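Peer 1: Residue numbers (full-length UniProt numbering): 1 to 294.
This is the structure, below, for whatever I ask next.
Right, dumping it as C-alpha coordinates:
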(Lines of atoms letter the chains of each structure in order from A and count residues from 1; the text may use other names and numbers.)
(Lines give C-alpha, C1' and ligand atoms only; values in the text may rest on other atoms or scores of the structure.)
Protein backbone atom coordinates (compact mmCIF):
# COMPACT_ATOMS: atom_id res chain seq x y z
CA UNK A 1 0.00 0.00 0.00
CA UNK A 2 1.99 2.92 -1.31
CA UNK A 3 -0.15 5.99 -1.68
CA UNK A 4 -1.66 6.90 1.69
CA UNK A 5 -0.98 6.82 5.39
CA UNK A 6 -3.62 7.79 8.00
CA UNK A 7 -3.29 11.50 8.79
CA UNK A 8 -2.17 12.67 12.21
CA UNK A 9 -5.41 14.65 12.15
CA UNK A 10 -7.73 11.68 12.33
CA UNK A 11 -11.48 11.36 12.75
CA UNK A 12 -13.65 12.34 15.71
CA UNK A 13 -15.59 9.59 17.47
CA UNK A 14 -19.34 10.18 17.76
CA UNK A 15 -22.25 8.10 19.06
CA UNK A 16 -25.87 7.51 18.17
CA UNK A 17 -28.63 5.39 19.73
CA UNK A 18 -30.19 2.42 17.96
CA UNK A 19 -32.53 -0.03 19.69
CA UNK A 20 -31.24 1.22 23.07
CA UNK A 21 -27.63 0.53 22.10
CA UNK A 22 -25.00 3.25 22.03
CA UNK A 23 -23.17 2.82 18.74
CA UNK A 24 -19.97 4.51 17.62
CA UNK A 25 -19.02 6.10 14.32
CA UNK A 26 -15.94 7.93 13.09
CA UNK A 27 -16.54 11.28 11.43
CA UNK A 28 -13.76 12.43 9.12
CA UNK A 29 -15.21 15.91 8.67
CA UNK A 30 -16.17 17.70 5.50
CA UNK A 31 -19.77 18.59 6.28
CA UNK A 32 -21.47 19.96 3.20
CA UNK A 33 -19.60 17.56 0.92
CA UNK A 34 -21.37 14.49 -0.52
CA UNK A 35 -21.81 11.93 2.29
CA UNK A 36 -19.91 8.65 2.01
CA UNK A 37 -20.73 5.86 4.49
CA UNK A 38 -18.15 3.12 5.11
CA UNK A 39 -19.42 -0.14 6.62
CA UNK A 40 -16.93 -2.70 7.95
CA UNK A 41 -17.19 -6.49 8.02
CA UNK A 42 -17.56 -9.07 10.77
CA UNK A 43 -15.16 -8.95 13.76
CA UNK A 44 -13.66 -5.81 12.27
CA UNK A 45 -14.01 -2.14 13.20
CA UNK A 46 -14.52 1.33 11.71
CA UNK A 47 -10.82 2.23 11.86
CA UNK A 48 -10.05 -0.48 9.30
CA UNK A 49 -11.27 2.10 6.76
CA UNK A 50 -8.73 4.74 7.81
CA UNK A 51 -6.69 4.50 4.60
CA UNK A 52 -9.79 4.73 2.42
CA UNK A 53 -11.19 7.62 4.46
CA UNK A 54 -7.88 9.47 4.33
CA UNK A 55 -7.77 9.11 0.54
CA UNK A 56 -11.33 10.38 0.01
CA UNK A 57 -11.87 12.88 2.82
CA UNK A 58 -11.13 15.91 0.61
CA UNK A 59 -13.92 14.92 -1.76
CA UNK A 60 -16.55 13.49 0.59
CA UNK A 61 -17.94 13.78 4.10
CA UNK A 62 -16.74 10.36 5.23
CA UNK A 63 -18.50 8.46 8.03
CA UNK A 64 -17.32 5.01 9.19
CA UNK A 65 -19.59 3.16 11.60
CA UNK A 66 -18.87 0.48 14.21
CA UNK A 67 -21.52 -2.25 14.02
CA UNK A 68 -23.16 -3.38 17.24
CA UNK A 69 -20.82 -5.76 19.04
CA UNK A 70 -17.79 -4.35 17.21
CA UNK A 71 -15.21 -1.66 17.78
CA UNK A 72 -16.36 0.94 20.29
CA UNK A 73 -20.09 0.15 19.97
CA UNK A 74 -22.14 -1.63 22.64
CA UNK A 75 -22.53 -5.40 22.69
CA UNK A 76 -26.07 -6.78 22.70
CA UNK A 77 -27.17 -8.17 26.06
CA UNK A 78 -28.31 -11.58 24.77
CA UNK A 79 -25.39 -12.21 22.40
CA UNK A 80 -27.67 -12.66 19.39
CA UNK A 81 -26.79 -10.67 16.28
CA UNK A 82 -28.88 -10.54 13.14
CA UNK A 83 -28.46 -8.86 9.77
CA UNK A 84 -31.92 -7.30 10.20
CA UNK A 85 -30.87 -5.47 13.36
CA UNK A 86 -27.71 -4.27 11.67
CA UNK A 87 -29.72 -2.93 8.73
CA UNK A 88 -31.81 -1.03 11.29
CA UNK A 89 -28.61 0.40 12.81
CA UNK A 90 -27.37 1.58 9.41
CA UNK A 91 -30.77 3.10 8.62
CA UNK A 92 -30.79 4.81 12.02
CA UNK A 93 -27.31 6.28 11.48
CA UNK A 94 -28.24 7.75 8.10
CA UNK A 95 -31.57 9.00 9.50
CA UNK A 96 -29.96 10.70 12.49
CA UNK A 97 -27.24 12.25 10.36
CA UNK A 98 -29.89 13.62 8.02
CA UNK A 99 -27.42 12.66 5.33
CA UNK A 100 -29.37 10.86 2.64
CA UNK A 101 -29.09 10.07 -0.17
CA UNK A 102 -25.59 8.68 0.36
CA UNK A 103 -22.79 6.84 -1.37
CA UNK A 104 -21.80 3.67 0.42
CA UNK A 105 -18.77 1.34 0.49
CA UNK A 106 -19.06 -1.84 2.54
CA UNK A 107 -17.15 -5.05 3.19
CA UNK A 108 -18.25 -8.65 3.82
CA UNK A 109 -20.93 -8.72 6.56
CA UNK A 110 -21.19 -4.95 6.18
CA UNK A 111 -21.64 -5.40 2.44
CA UNK A 112 -24.50 -7.80 3.13
CA UNK A 113 -26.10 -5.18 5.37
CA UNK A 114 -25.54 -2.34 2.88
CA UNK A 115 -27.04 -4.33 0.00
CA UNK A 116 -30.16 -5.02 2.07
CA UNK A 117 -30.45 -1.34 3.00
CA UNK A 118 -30.08 -0.25 -0.64
CA UNK A 119 -32.84 -2.64 -1.70
CA UNK A 120 -35.17 -1.49 1.09
CA UNK A 121 -34.47 2.23 0.59
CA UNK A 122 -33.41 2.56 -3.06
CA UNK A 123 -33.90 6.33 -3.08
CA UNK A 124 -31.42 6.74 -0.22
CA UNK A 125 -28.35 5.30 -1.99
CA UNK A 126 -26.80 6.88 -5.11
CA UNK A 127 -23.74 4.61 -5.50
CA UNK A 128 -22.92 1.32 -3.76
CA UNK A 129 -19.72 -0.72 -3.56
CA UNK A 130 -20.00 -4.10 -1.83
CA UNK A 131 -16.77 -6.01 -1.26
CA UNK A 132 -17.62 -9.74 -1.08
CA UNK A 133 -20.95 -8.89 0.53
CA UNK A 134 -23.43 -11.39 -0.88
CA UNK A 135 -22.98 -13.89 1.92
CA UNK A 136 -22.69 -17.70 1.64
CA UNK A 137 -22.55 -19.13 -1.87
CA UNK A 138 -25.42 -21.18 -3.35
CA UNK A 139 -23.14 -24.23 -3.22
CA UNK A 140 -22.43 -23.74 0.50
CA UNK A 141 -26.13 -23.29 1.28
CA UNK A 142 -27.00 -26.44 -0.63
CA UNK A 143 -24.41 -28.37 1.35
CA UNK A 144 -25.84 -27.04 4.63
CA UNK A 145 -29.35 -28.16 3.68
CA UNK A 146 -28.13 -31.76 3.61
CA UNK A 147 -28.06 -31.62 7.42
CA UNK A 148 -31.62 -31.79 8.85
CA UNK A 149 -32.84 -28.50 10.29
CA UNK A 150 -33.43 -29.88 13.83
CA UNK A 151 -29.84 -31.09 13.92
CA UNK A 152 -28.51 -27.71 12.76
CA UNK A 153 -30.50 -25.95 15.47
CA UNK A 154 -29.28 -28.37 18.13
CA UNK A 155 -25.69 -27.73 17.03
CA UNK A 156 -26.32 -23.97 17.15
CA UNK A 157 -27.57 -24.23 20.75
CA UNK A 158 -24.42 -26.13 21.72
CA UNK A 159 -22.20 -23.53 20.04
CA UNK A 160 -24.06 -20.67 21.77
CA UNK A 161 -23.72 -22.39 25.13
CA UNK A 162 -19.96 -22.67 24.60
CA UNK A 163 -19.77 -19.02 23.48
CA UNK A 164 -21.62 -17.94 26.63
CA UNK A 165 -18.96 -19.58 28.78
CA UNK A 166 -16.04 -18.26 26.80
CA UNK A 167 -14.21 -15.14 27.93
CA UNK A 168 -12.49 -12.95 25.33
CA UNK A 169 -9.06 -14.29 24.48
CA UNK A 170 -6.26 -12.42 26.23
CA UNK A 171 -2.92 -11.53 24.69
CA UNK A 172 0.05 -10.71 26.89
CA UNK A 173 1.14 -7.88 24.60
CA UNK A 174 0.20 -5.84 21.56
CA UNK A 175 2.87 -7.80 19.71
CA UNK A 176 1.06 -11.08 20.41
CA UNK A 177 -2.22 -9.66 19.10
CA UNK A 178 -0.37 -8.24 16.11
CA UNK A 179 1.05 -11.70 15.33
CA UNK A 180 -2.48 -13.12 15.35
CA UNK A 181 -3.60 -10.38 12.94
CA UNK A 182 -0.82 -11.27 10.50
CA UNK A 183 -1.74 -14.95 10.82
CA UNK A 184 -5.35 -14.15 9.89
CA UNK A 185 -4.41 -12.28 6.70
CA UNK A 186 -0.95 -12.89 5.28
CA UNK A 187 -1.50 -10.22 2.59
CA UNK A 188 -1.31 -7.44 5.18
CA UNK A 189 1.84 -5.39 5.48
CA UNK A 190 3.27 -5.00 8.97
CA UNK A 191 2.15 -1.36 9.07
CA UNK A 192 -1.39 -2.30 8.10
CA UNK A 193 -1.59 -5.13 10.62
CA UNK A 194 -0.20 -2.98 13.42
CA UNK A 195 -2.70 -0.20 12.72
CA UNK A 196 -5.63 -2.63 12.64
CA UNK A 197 -4.44 -4.26 15.85
CA UNK A 198 -3.93 -1.04 17.81
CA UNK A 199 -7.46 0.11 16.99
CA UNK A 200 -8.96 -3.38 17.34
CA UNK A 201 -8.05 -4.19 20.96
CA UNK A 202 -8.90 -3.02 24.45
CA UNK A 203 -6.47 -3.25 27.34
CA UNK A 204 -7.76 -5.32 30.25
CA UNK A 205 -7.35 -4.44 33.92
CA UNK A 206 -4.62 -7.07 34.31
CA UNK A 207 -2.59 -5.47 31.52
CA UNK A 208 -3.43 -7.99 28.80
CA UNK A 209 -5.19 -7.15 25.54
CA UNK A 210 -8.41 -8.53 24.01
CA UNK A 211 -10.16 -7.93 20.71
CA UNK A 212 -13.03 -5.46 20.96
CA UNK A 213 -15.62 -7.62 19.19
CA UNK A 214 -18.14 -9.73 21.10
CA UNK A 215 -17.12 -13.45 21.14
CA UNK A 216 -20.75 -14.33 20.34
CA UNK A 217 -20.09 -13.01 16.82
CA UNK A 218 -18.32 -16.29 16.16
CA UNK A 219 -21.73 -18.03 16.18
CA UNK A 220 -24.36 -16.91 13.66
CA UNK A 221 -27.97 -18.03 13.66
CA UNK A 222 -29.15 -20.93 11.52
CA UNK A 223 -32.03 -18.96 10.03
CA UNK A 224 -32.02 -15.91 7.77
CA UNK A 225 -34.50 -14.55 5.25
CA UNK A 226 -35.44 -16.97 2.49
CA UNK A 227 -33.39 -16.85 -0.72
CA UNK A 228 -36.37 -15.53 -2.69
CA UNK A 229 -36.69 -12.54 -0.35
CA UNK A 230 -32.97 -11.79 -0.52
CA UNK A 231 -33.02 -12.02 -4.30
CA UNK A 232 -36.01 -9.65 -4.41
CA UNK A 233 -34.09 -7.21 -2.21
CA UNK A 234 -31.06 -7.30 -4.52
CA UNK A 235 -33.39 -6.78 -7.48
CA UNK A 236 -34.87 -3.68 -5.86
CA UNK A 237 -31.50 -1.89 -5.77
CA UNK A 238 -31.72 0.93 -8.30
CA UNK A 239 -28.36 2.69 -7.93
CA UNK A 240 -25.19 1.79 -9.84
CA UNK A 241 -23.53 -1.02 -7.88
CA UNK A 242 -20.06 -2.55 -7.88
CA UNK A 243 -19.51 -6.05 -6.49
CA UNK A 244 -15.80 -6.52 -5.81
CA UNK A 245 -14.14 -9.92 -5.30
CA UNK A 246 -10.61 -11.12 -4.56
CA UNK A 247 -9.32 -13.84 -6.87
CA UNK A 248 -7.68 -15.67 -3.96
CA UNK A 249 -10.61 -15.32 -1.56
CA UNK A 250 -12.82 -18.10 -0.24
CA UNK A 251 -15.88 -16.06 -1.27
CA UNK A 252 -17.86 -17.11 -4.34
CA UNK A 253 -17.88 -14.72 -7.31
CA UNK A 254 -21.54 -13.95 -8.20
CA UNK A 255 -20.69 -13.75 -11.90
CA UNK A 256 -19.61 -17.40 -11.74
CA UNK A 257 -22.28 -18.77 -9.37
CA UNK A 258 -25.26 -17.05 -11.02
CA UNK A 259 -26.26 -14.58 -8.30
CA UNK A 260 -25.47 -11.56 -10.51
CA UNK A 261 -28.68 -12.38 -12.40
CA UNK A 262 -30.71 -11.04 -9.49
CA UNK A 263 -29.22 -7.54 -9.87
CA UNK A 264 -30.35 -5.01 -12.45
CA UNK A 265 -27.66 -2.35 -11.96
CA UNK A 266 -24.59 -4.26 -10.74
CA UNK A 267 -21.31 -5.35 -12.28
CA UNK A 268 -18.51 -7.46 -10.87
CA UNK A 269 -14.77 -6.69 -10.75
CA UNK A 270 -12.34 -9.36 -9.60
CA UNK A 271 -9.00 -8.33 -8.11
CA UNK A 272 -5.93 -10.45 -8.79
CA UNK A 273 -3.49 -11.20 -5.96
CA UNK A 274 -6.13 -10.33 -3.38
CA UNK A 275 -8.08 -12.23 -0.76
CA UNK A 276 -11.21 -11.39 1.23
CA UNK A 277 -9.82 -8.02 2.39
CA UNK A 278 -9.02 -6.81 -1.12
CA UNK A 279 -9.33 -3.16 -0.05
CA UNK A 280 -6.22 -3.79 2.06
CA UNK A 281 -4.52 -6.31 -0.21
CA UNK A 282 -4.69 -4.18 -3.39
CA UNK A 283 -5.30 -0.76 -1.90
CA UNK A 284 -3.96 1.41 -4.74
CA UNK A 285 -6.03 -0.36 -7.38
CA UNK A 286 -9.04 -0.36 -5.04
CA UNK A 287 -8.86 3.42 -4.59
CA UNK A 288 -8.53 4.00 -8.33
CA UNK A 289 -11.61 1.86 -9.00
CA UNK A 290 -13.46 3.56 -6.17
CA UNK A 291 -12.67 7.09 -7.34
CA UNK A 292 -13.68 6.34 -10.94
CA UNK A 293 -16.96 4.77 -9.80
CA UNK A 294 -17.96 7.29 -7.13
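The C-beta atom is built at its ideal place from N, Cα and C for all residues, glycine as well.
Computed from a prediction, not measured in an experiment: that's the story for all the values here.
(1) Give the list of continuous alpha helix (DSSP H) stretches no shorter than 4 residues that lie fully inside the region 14-97.
(2) Kindly indicate which three-state DSSP category residue 117 falls into: helix, strand or coil?
(3) Among 212, 92 and 9, which residue has its Cα nearest to the Cα of residue 69?
(4) What does the alpha-carbon distance come out to for the pair residue 93 and residue 25?
(5) Residue ranges of each alpha helix (DSSP H) run of no fewer than 4 residues wholly in the region 172-205, ordered along the chain?
(6) Let me know the secondary structure DSSP gives residue 276 once reduced to three states.
(7) Are there three or more Cβ pairs, one per stretch, closer than 8 Å when the region 282-293 is compared with the region 254-268?
(8) Report the residue from 182, 251, 82 and 155 whose alpha carbon sits nearest the alpha carbon of residue 197.
(9) Does DSSP classify residue 129 as helix, strand or coil?
(10) Please list the terminal residues of the continuous beta strand (DSSP E) segment that includes residue 156.
(11) Let me check one thing: in DSSP terms, what residues is residue 102 bridge-paired to?
(12) Who are the near neighbours of residue 178 in its chain, counting only those whose CB is closer than 7 Å to its CB and skipping five residues on each side?
(13) Roughly how many angstroms lie between the CA atoms of residue 246 and residue 276, to the nearest whole one?
(14) Since residue 244 is in the beta strand (DSSP E), which residue starts that stretch and which ends it?
(15) Taking Cβ positions, are residue 322 and residue 141 nearer each other than 8 Å?
(16) Helix, strand or coil: which one does DSSP assign to residue 268?
(17) Do residue 210 and residue 219 count as a contact pair if the criterion is CB distance below 8 Å?
Peer 2: Working from what's here:
(1) 50-56 and 83-97
(2) Counting from one through the chain shown, the residue named residue 117 turns up at place 117. Three-state result, residue 117: helix.
(3) Within the chain shown, numbered from 1, the residue matching residue 69 stands at position 69. The option with the nearest alpha carbon to residue 69 is 212.
(4) On the chain shown, residue 93 is found 93 positions in, with the first residue counted as 1. On the chain shown, residue 25 is found 25 positions in, with the first residue counted as 1. The alpha-carbon atoms of residue 93 and residue 25 are separated by roughly 9 Å.
(5) 174-184 and 190-200
(6) By 1-based counting over the chain shown, the position of residue 276 is 276. Residue 276 falls in the coil class under three-state DSSP.
(7) no
(8) For the purposes of this step, residue 197 is taken as residue 197 along the chain shown, with counting starting at 1. Checked all of 182, 251, 82 and 155; the closest Cα to residue 197 is 182.
(9) In the chain shown, residue 129 corresponds to position 129, counting from 1. In the structure shown, residue 129 sits in a strand (DSSP, three-state: E or B).
(10) Counted from its first residue, the chain shown places residue 156 at position 156. It is not in any beta strand (DSSP E) - residue 156 instead sits in the alpha helix (DSSP H) that spans 149-164.
(11) Within the chain shown, residue 102 is the residue found at index 102, counting from 1. 125.
(12) As a position in the chain shown, residue 178 is number 178, starting the count at 1. Closer than 7 Å at Cβ, skipping near neighbours: 193, 194 and 197.
(13) Looking up residue 246 in the chain shown gives position 246. Looking up residue 276 in the chain shown gives position 276. The alpha-carbon atoms of residue 246 and residue 276 are separated by roughly 6 Å.
(14) Against the chain shown, residue 244 aligns to sequence position 244. Here the beta strand (DSSP E) through residue 244 covers 241-246.
(15) Residue numbering for the chain in the displayed model covers 1 to 294; residue 322 lies beyond these limits and cannot be assessed.
(16) What you label residue 268 is simply residue 268 of the chain shown in a count that begins at 1. Residue state, collapsed to three classes: strand.
(17) Counting from 1 along the chain shown, the entry for residue 219 is found at position 219. Counting from 1 along the chain shown, the entry for residue 210 is found at position 210. No. Outside cutoff.
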